[in-house]
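Asker: Submitted below is the structure of interest, expressed as C-alpha cells.
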Amino acid sequence: MGAGGDERPEWVPRRGRVLVLGLGETGRAAAAALVRVGASVVAADRSPTADAGRLAEDGVEVRLGSEEESLLDGVELVVKGPGVPAESPLAAAARARGLEIWSEVELGYRLLDRTPILGVTGTKGKTTVVRLLGAMFEAAERPYVLAGNEHRPLTDVVDELELGTWIVCELSSFALEDVHAFACEIAVLLNVEPDHLDRYASLDDYRAAKLRIFERARTKIVPRGMGLDGIEFSAGDPLPAEPLLPGSHNRANASAATAAARSAGLPDDAIAVALQTFPGVEHRLELVGELDGVRYVNDSKATTTSAARRAVAAYDAPIRLILGGSLKGEDYGPFARDLPSNVRSIYLIGEAADALAAALDAAGRSYSRDDDLTRALAHARGDAEPGDVVLLSPAAASFDQFANFRERGDTFRRLVGDLR
C-alpha cells in the first residue's frame, strides 16, 4: 500500500492529523497502518507507562499520560482503541467538536480492497467459533486469515492478503461501537448475555453495540428464537459431523460456524473434518491434566455467570468448582440458586468472594473461602475423588489478582502440573 501524495486513500487528512486513542496492541497497529498510508499521526494513552513500540521511530507523535483536550487541536479524525470507553474525556471532547471517531476495524475496512469479511460477535464463544471456522477453511483448502479481538488486529493483516482470501474477524462490542462503512459479507451473532455492565449503561446499550455487526451485512447468521432476520441456528441443528468439543453451548457454536461456512461456500466434507478434529481453545473448557482419575479443567475465560453456567452444564460428573475474581456488576443470586447437585463443593477466591458467599448462603449452598487460586486448587484436590472434575470457571473477571484471564488460566495450568 503506497504512502504519500496521490496514493493516499481519499479519507486520509491532507492537512490535519489523525489522533489514535489507546496504545494497546490494536492502537499501535492502527497508528502504524495510518503512517503507511501517509497520514500525520499523533497517538495518545492516558497511562504514562504505555508501550508505544516503534511508533516514535516511524514518525508518530507519541503522548503518554495525557488526556488534555489540546491533543485534538489540528485533528481531523480520531481512531479509538477498543479499551477506550466511548465517554472517556478525549473521546467525549472529540465528539463535542464534531470529529468523526472510528474503531480500529473501521480503519482496517477502509484499507481493504474487495476482501470479504466473515465477522463473528457474541458475549461468549467468539474465539472458539472464529478458530473453528479457520479449521473449516483449512480443511477446505481455501485461503483465509484470522483477525480481530483475540487475534491480530485487522489493520495488521491488510497488507498481507492475496486475492480470494477471506478474513474471519472476531468482533467485540467495543470494536463495533464506532463503525460507519464497515460491512461483513457474512455476519454471525452467537448470543447476547449480560456482560461489560461496568462499561455500558444498560444491557440494551450493550446489545445495540453487538447488533451493529448486521449493519450493511450481506448474510446474517442469528440464534434461533431471538426474533432477528437471518439464517437461524441452534444447538439442536443437524450437523455434517458431531463436534469434538464438549457441551451443548459448543454444539450451538458448531451450528453457527457450520451455517457461516456453508454461506461462504465451504463443502460439508471439509466442515465435517473440522468439527471432528478441532480441539478447542485454551482457557475455554481446556483439559489441562488428569491425576488419580480426576480431570482438571481450565475455563478461565468464563468471566460471567452465563459462561460458568455453560461450563457446569457440560459435565455430568461430580464437579469441584472454583469461583471468584474481580467484580463486573453481576447479580450472583440466580446463578447460585441454579447450581446443579453435581456441583459437590465450591471454593471462593478473590474480590468477588463476598458477593458469591452472600448468594450461596441465600441459596443454601456450602462453600469454602480459599482467597487465592493456589489454596483453592489444593483444597479441591484434597476433596476430589476418582471420576470428579476440578473446574476453574470463575464467573468473574481476573483483574484483582491477575493481569487478565490468560494469566489466571496459565497459572491454573502450571499449578495443576505441579501436582504431579
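Residue 9 is where the sequence shown starts when you use our numbering, and the numbers rise one by one after that.
No residue lacks a Cβ here, since even glycine has one placed at the ideal position from N, Cα and C.
No experiment lies behind these values; they were computed from the predicted model shown.
#1: Check whether the Cβ atoms of L120 and R139 sit closer than 8 Å, and answer yes or no.
#2: Check whether the stretch 166-176 and the stretch 345-362 are in contact - that is, three or more C-beta pairs closer than 8 Å.
#3: Out of V176, S48, A386 and E393, which one is the CA nearest neighbour of A143?
#4: Measure the alpha-carbon distance for K134 versus K309 and round it to whole angstroms.
#5: Are G358 and A315 closer than 8 Å when you measure CB to CB?
#6: Tell me which same chain residues have a C-beta within less than 7 Å of the C-beta of G235, skipping the five on either side of it?
#7: Per DSSP, which one or two residues make a beta bridge with A52?
#8: Output yes or no for whether 8 Å exceeds the beta carbon distance between I330 and P402.
#9: If you follow the beta strand (DSSP E) that Y304 is part of, which residue opens it and which one closes it?
#10: Helix, strand or coil for G10? Go by DSSP, reduced to three states.
#11: For A11, count neighbouring Cβ atoms within 10 angstroms of its own Cβ and tell me buried if that reaches 16, exposed if not.
#12: From the DSSP output, in three-state form, read off S263 for me.
#13: For the beta strand (DSSP E) that L293 lies in, which residues bound it at each end?
#14: What would DSSP say about A371, mapped onto helix, strand or coil?
#15: Taking only three categories from DSSP, how would you classify K88?
#16: Are the beta-carbon atoms belonging to P97 and E75 less than 8 Å from one another?
#17: So, under 8 Å CB-CB, G417 and N306 are touching, yes? Tell me the CB distance rounded to an integer number of Å.
#18: Could you give the first and the last residue of the continuous alpha helix (DSSP H) run that contains D213?
#19: Look up K132 in the DSSP assignment and say whether it is helix, strand or coil.
#20: Given this structure, state the Cα-to-Cα distance separating L219 from T131, to the nearest angstrom.
#21: Is there a C-beta anywhere in chain B that falls below 8 Å from the one on P17?
#22: Considering only C-alpha positions, which residue in the set L274, T382, L27 and F407 is nearest to L107?
#23: State the start and end residues of the unbroken alpha helix (DSSP H) segment that holds S181.
#24: Closer than 8 Å is the cut-off here; do at least three beta carbon pairs connect the stretch 288-308 with the stretch 386-395?
#25: One question on the structure: do I229 and I194 come within less than 8 Å of each other, judged by their Cβ atoms?
#26: Alpha carbons only, please: which of S334, D362, L400 and L364 is nearest the one belonging to A411?
#27: Between which residues of its own chain and A322 is the CB-CB distance below 8 Å, once the five residues before and five after are set aside?
#28: Across which residues does DSSP place V424 in a beta bridge pair?
#29: Can you list, in chain order, the stretches of the beta strand (DSSP E) that have 3 or more residues and sit fully within the stretch 146-193?
#30: To the nearest whole angstrom, what separates the beta carbons of L184 and T129, a pair I think is in contact under 8 Å?
#31: Go through its chain and collect everything with a Cβ distance to Y117's Cβ below 6 Å, but skip five positions before and after it.
#32: Looking at C-beta atoms only, is the number of pairs between the stretch 38-51 and the stretch 75-94 that lie closer than 8 Å three or more?
#33: Using a threshold of 8 Å, state whether the C-beta atoms of D378 and L356 are closer than that.
#34: Can you give me the start and stop residues for the alpha helix (DSSP H) that P231 sits inside?
#35: Can you give me the C-alpha to C-alpha distance between S353 and R160, rounded to a whole angstrom?
#36: Can you find the residues in the same chain that come closer than 6 Å, C-beta to C-beta, to L274, ignoring five residues on each side of it along the sequence?
Answerer: Considering the structure as presented:
#1: Start at 1 with the first residue of the sequence shown, and residue 120 comes out as number 112. Start at 1 with the first residue of the sequence shown, and residue 139 comes out as number 131. Not in contact: L120 and R139 (Cβ atoms no closer than 8 Å).
#2: As far as the Cβ criterion goes, the stretch 166-176 does not touch the stretch 345-362, which means the pair count is below three.
#3: Locating residue 143 in the sequence shown gives position 135, counting from the first residue. With distances taken between Cα atoms, A143 lies closest to V176.
#4: As a first step, residue 134 must be located in the sequence shown, where it is residue number 126. As a first step, residue 309 must be located in the sequence shown, where it is residue number 301. Computed Cα separation, rounded: 11 Å.
#5: Counted from its first residue, the sequence shown places residue 358 at position 350. Counted from its first residue, the sequence shown places residue 315 at position 307. Cβ atoms of G358 and A315: not closer than 8 Å.
#6: Sequence index remark: in the sequence shown, residue 235 carries index 227 (1-based). Cβ neighbours of G235 beyond the five flanking positions: none.
#7: For this step, residue 52 is matched to residue 44 along the sequence shown. A52 pairs with L29 and R71.
#8: Here the question's residue 330 lines up with position 322 in the sequence shown. Here the question's residue 402 lines up with position 394 in the sequence shown. Contact: yes.
#9: The residue you call residue 304 lines up with position 296 of the sequence shown. Annotation for Y304: the continuous beta strand (DSSP E) segment containing it runs V302 to N306.
#10: As a position in the sequence shown, residue 10 is number 2, starting the count at 1. With a pLDDT of only 40 at G10, under the threshold of 50, the placement of this residue in the model should not be trusted, and no figure is reported.
#11: By 1-based counting over the sequence shown, the position of residue 11 is 3. With a pLDDT of 41 at A11, under the threshold of 50, the modelled position of this residue cannot be trusted, and the question is left open.
#12: Here residue 263 refers to the residue found at position 255 when the sequence shown is read from its first residue. It is helical.
#13: Against the sequence shown, residue 293 aligns to sequence position 285. Run containing L293: none; DSSP gives neither H nor E here.
#14: Here the question's residue 371 lines up with position 363 in the sequence shown. Three-state DSSP puts A371 in a helix.
#15: As a working note, residue 88 is residue 80 in the sequence shown. Residue state, collapsed to three classes: strand.
#16: Here residue 97 refers to the residue found at position 89 of the sequence shown. Here residue 75 refers to the residue found at position 67 of the sequence shown. Yes, the Cβ-Cβ distance between P97 and E75 is below 8 Å.
#17: The residue you call residue 417 lines up with position 409 of the sequence shown. The residue you call residue 306 lines up with position 298 of the sequence shown. Yes, they are in contact, since the Cβ atoms of G417 and N306 sit about 5 Å apart, within 8 Å.
#18: For this step, residue 213 is matched to residue 205 along the sequence shown. From DSSP, the alpha helix (DSSP H) with D213 extends over L211 to L219.
#19: Reading the sequence shown from its first residue, position 124 is the one you call residue 132. Residue state, collapsed to three classes: coil.
#20: Start at 1 with the first residue of the sequence shown, and residue 219 comes out as number 211. Start at 1 with the first residue of the sequence shown, and residue 131 comes out as number 123. Answer to the nearest angstrom: the Cα atoms are 12 Å apart.
#21: No chain B is present in this structure, which holds just one protein chain.
#22: On the sequence shown, residue 107 is found 99 positions in, with the first residue counted as 1. Here the closest residue by C-alpha is L27.
#23: If you number the sequence shown from 1, residue 181 lands on position 173. S181 to L184 is the span of the alpha helix (DSSP H), which, as asked, contains S181.
#24: Result yes; three or more Cβ-Cβ pairs closer than 8 Å.
#25: Within the sequence shown, the letter at position 221 stands for residue 229. Within the sequence shown, the letter at position 186 stands for residue 194. Yes, they are a contact pair.
#26: Start at 1 with the first residue of the sequence shown, and residue 411 comes out as number 403. When each option's Cα is compared against that of A411, the closest is S334.
#27: For the purposes of this step, residue 322 is taken as the residue at position 314 of the sequence shown. The residues are P254, G255, S256, H257, N258 and L293.
#28: Position 416 of the sequence shown, counted from the start, is the residue given in the question as residue 424. Its beta-bridge partners do not exist; DSSP assigns none.
#29: 152-156 and 174-178
#30: The residue given as residue 184 occupies position 176 in the sequence shown. The residue given as residue 129 occupies position 121 in the sequence shown. Yes, they are in contact, since the Cβ atoms of L184 and T129 sit about 7 Å apart, within 8 Å.
#31: Position 109 of the sequence shown, counted from the first residue, corresponds to residue 117. Excluding residues within five positions, the ones whose Cβ falls inside 6 Å are F190.
#32: yes
#33: Residue 378 sits at position 370 when you count from the first residue of the sequence shown. Residue 356 sits at position 348 when you count from the first residue of the sequence shown. Yes.
#34: Within the sequence shown, the letter at position 223 stands for residue 231. Premise fails: P231 lies in the beta strand (DSSP E), T227 to P231, not in any alpha helix (DSSP H).
#35: Locating residue 353 in the sequence shown gives position 345, counting from the first residue. Locating residue 160 in the sequence shown gives position 152, counting from the first residue. S353 and R160: Cα-Cα distance of roughly 39 Å.
#36: One-based indexing of the sequence shown puts residue 274 at position 266. Around L274: M144 and A148.
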